[in-house]
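Protein chains in written order, with our numbering: chain A, 1 to 291; chain B, 1001 to 1291. The beta carbon of each residue, even a glycine, is placed where N, CA and C say it ideally should be.
(1) Buried or exposed: where does residue 286 of chain A fall if 16 or more other Cβ atoms within 10 Å of its Cβ makes it buried?
(2) Tell me the DSSP secondary structure of residue 165 of chain A in three-state form.
(3) Beta-carbon within less than 8 Å of residue 2 of chain A's beta-carbon, same chain only, minus the 5 sequence neighbours each way: which residues are those?
(4) Residue range of the beta strand (DSSP E) that residue 1031 of chain B falls in?
(5) Measure the beta-carbon distance from residue 193 of chain A to residue 1193 of chain B and round it to whole angstroms, keeping in mind my assumption that it falls under 8 Å.
(6) In whole angstroms, give me the CA-to-CA distance for residue 1166 of chain B and residue 1136 of chain B.
(7) Can you give me the Cβ contacts of residue 147 of chain A inside the same chain, cut-off strictly under 8 Å, excluding the 5 residues immediately before and after it?
(8) On the DSSP bridge list, what partners appear for residue 137 of chain A?
(9) My assumption, with CB atoms under 8 Å, is that residue 151 of chain A sits in contact with residue 114 of chain A. Please give the rounded CB distance.
(10) Could you check whether residue 1059 of chain B and residue 1097 of chain B sit closer than 8 Å to each other, using their CB atoms as the reference points?
(11) Residue 130 of chain A: which of A/221, A/44, A/278, A/260 sits nearest, CA to CA?
(12) Please report the straight-line C-alpha distance between residue 15 of chain A and residue 1256 of chain B, rounded to a whole angstrom.
(13) Identify the residues that DSSP records as bridge partners of residue 285 of chain A: which are they?
(14) Could you check if residue 4 of chain A is buried or exposed, using at least 16 other CB atoms within 10 Å of its CB as the buried criterion?
(15) Less than 8 Å between the beta carbons of residue 1052 of chain B and residue 1068 of chain B, yes or no?
(16) With a cut-off of 8 Å on the beta carbons, I'd call residue 1250 of chain B and residue 82 of chain A a contact; round off their distance for me.
(17) Relative to the alpha-carbon of residue 229 of chain A, which residue among A/160, A/195, A/258 has its alpha-carbon at the smallest distance?
(18) Return helix, strand or coil for residue 1291 of chain B, following the three-state DSSP convention.
(19) Residue 1032 of chain B and residue 191 of chain A look like a contact to me (Cβ under 8 Å); what is the Cβ gap, rounded to whole Å?
(20) I want to see whether chain A comes within less than 8 Å of residue 1263 of chain B, judged by CB atoms only; does it?
(21) Residue 1003 of chain B by DSSP, collapsed to three states: which one?
(22) Using only the alpha-carbon positions, how far apart do residue 23 of chain A and residue 17 of chain A sit?
(23) Does any CB atom of chain B fall closer than 8 Å to the CB of residue 29 of chain A?
(24) For residue 1142 of chain B, which residues of its own chain have a beta-carbon under 6 Å away from its beta-carbon, when the five flanking residues on both sides are left out?
(25) Would you report the Cα separation of residue 288 of chain A and residue 1233 of chain B, rounded to the nearest angstrom?
(26) Step through the CB atoms of chain A and report whether any lies within less than 8 Å of the CB of residue 1123 of chain B.
(27) Take the Cβ of residue 264 of chain A as the centre, count every other Cβ of all protein chains shown within 10 Å, and call the residue buried at 16 or more, exposed below.
(28) Rounded to whole angstroms, what's the CA-CA distance from residue 278 of chain A to residue 1226 of chain B? Just pull it up for me.
(29) In the DSSP assignment, find the alpha helix (DSSP H) that holds residue 121 of chain A and state where it starts and stops.
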């Protein structure tokens, strides 16, 4: 049981975590902290949080658990604010979409208190945001990845893991570098691609005509281009090296597809499409789930 | 009222058209033609068609309306089979995703009967296919584009238009070249992109790990990579020139995004993401609908 949970960034992710823990009686009191007072007022009205904190430093001293659910670019400052007030019994965790850079920020900000920080990443994003988007059950059957530090105590990692399990998440542990590599490929690259495609089309002289006739294919393919620009700026910069490699690989792939189109190589194009379709079918049928 | 409708390719598109016309009492009898006997049997059981035709030539003579709903690569042969049996009162229309090449195939195949062919394209695709996927109401409020030929009679174009309106479609007319340019951008490019992204990820040594942790973002971004490989091979080849330009434009866009990532230009990346998000919001809020 957490006596006092502090959630920094009460949006879809942070808010849903608080709601789940409340609904399962795992937390006594939740304080919300964030940049938008209006969003925090909404969270208060919706019962996601019990009180609004003025700043992290002032509430950190009484926290048992701090969840950092702000854009990853804000993490360095948050760790710095947190460090002087952090009680030795308090666990700090996060939901950042990149792990190596948040860990580096934690090491810089928390210094000799680094053992208290257990890095996490729930795979449950959406293009909606703000506390009004939060809901209990968001994490049910969704992957939650922990990338524990060598300094973490077994007990702290287990506490964080158990709380996410209460939310219904399927918890996995992995190396932070592998985490960042995987999510560059399956999340960050697709987001950049969706943003790039929408911005490319929207910048054309015929853009209005295009969108008048665009159908469900483009709508779904670009759903994630509705994601939060600041959040994705931060993720892009945080996972820069892996993303540069991914962009190179995708450009090379598109050039190879273009060569097939130019050569009118229907047989090979059909192979590419069929492999892609089969891989997606295998994935959605759960062929790759190992838990 | 159509006495005898012949549907070539009784899948999602052709089958749903037949169902809508039946439900609205606009057709007396529907004959289905296709390569898969099992699919036609299903269509018969589901009441989509009233009988199975052995081949186009044998049923064409009694048809009042022929709907060609086969992959666009099959169109040249279909027009050739159709020509000798086509009655002068019969209208031929199609649902091909490309128009210039289908028109060229019609001119070659139908020759001096070209006036009887009214080119069409409903914007209601999905990654599902086969007659089991067909449903009444599929076309409600969806765009349907006609690209009439100079040879078409006003009456024939109006007949085809009125049937699609019965299905609930919002009918627009445009030049075939503009049609192909628009759909290269908003449909064909996104499909190639989704196929390329899936095939790229699926070919990696870590593919199984990737898909184990991939979330809803990749799932939706690649929904259209579940589309039919043969159909998309044909569309890709049919709209080759426009697609080569689109692939060049997208590769250039991705390179410009990559340059921003490499330069750690967070401000400009955020601008790209924000413009993309705003364009998508405008689109989905119907800012570009003019009807």
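On the basis of the data shown:
(1) In summary, residue 286 of chain A is exposed, with fewer than 16 beta-carbon neighbours lying within 10 Å of its beta-carbon over all protein chains present.
(2) The answer is helix: DSSP assigns residue 165 of chain A an H, G or I state.
(3) Closer than 8 Å at the Cβ level, and outside the excluded window around residue 2 of chain A, lie 21, 26, 27, 28, 64, 65, 163.
(4) For residue 1031 of chain B, the enclosing beta strand (DSSP E) starts and ends at 1027-1033.
(5) Taking C-beta atoms under 8 Å as the contact rule, residue 193 of chain A and residue 1193 of chain B qualify, at a distance of about 7 Å.
(6) Whole-angstrom Cα-Cα distance: 11 Å.
(7) Closer than 8 Å at Cβ, skipping near neighbours: 99, 103, 119, 120, 121, 173, 174, 175, 176, 179.
(8) DSSP lists no partner for residue 137 of chain A.
(9) Contact check for residue 151 of chain A and residue 114 of chain A: beta-carbon distance about 5 Å, within the 8 Å limit, so the pair qualifies.
(10) Result no, Cβ atoms of residue 1097 of chain B and residue 1059 of chain B do not sit closer than 8 Å.
(11) Comparing alpha carbon positions, the residue from A/221, A/44, A/278, A/260 closest to residue 130 of chain A is A/44.
(12) Their Cα atoms are separated by approximately 36 Å.
(13) In the DSSP output, where bridge partners are listed per residue, residue 285 of chain A has none listed.
(14) The Cβ neighbour count for residue 4 of chain A, taken over all protein chains shown within 10 Å, is at least 16; the residue is labelled buried.
(15) Here residue 1052 of chain B is not near residue 1068 of chain B, since their CB atoms are 8 Å or more apart.
(16) Not confirmed; about 42 Å, so no contact.
(17) Of the listed residues, the one whose Cα sits closest to residue 229 of chain A is A/195.
(18) Confidence in residue 1291 of chain B is poor, its pLDDT being 45 and thus under 50, which makes the residue's placement unreliable; the coordinate value appears in the next sentence. Coil at residue 1291 of chain B, not helix or strand.
(19) The beta-carbon separation of residue 1032 of chain B and residue 191 of chain A, rounded to 43 Å, does not stay under the 8 Å limit for a contact.
(20) For residue 1263 of chain B, the answer is no, since every Cβ of chain A falls outside 8 Å of its Cβ.
(21) Shown here, residue 1003 of chain B sits in a strand according to DSSP, grouped into three states.
(22) Cα-Cα distance, rounded: 10 Å.
(23) With 8 Å as the cut-off, residue 29 of chain A does not count as an interface residue toward chain B.
(24) Excluding residues within five positions, the ones whose Cβ falls inside 6 Å are 1123, 1124, 1169.
(25) One C-alpha to the other measures close to 28 Å.
(26) By this cut-off, residue 1123 of chain B is an interface position.
(27) Counting other Cβ atoms within 10 Å of its Cβ, residue 264 of chain A stays below 16 and is therefore classed as exposed.
(28) Approximately 8 Å, taken between the alpha carbons.
(29) Where residue 121 of chain A is concerned, there is no enclosing alpha helix (DSSP H), although the beta strand (DSSP E) around it starts and stops at 120-122.
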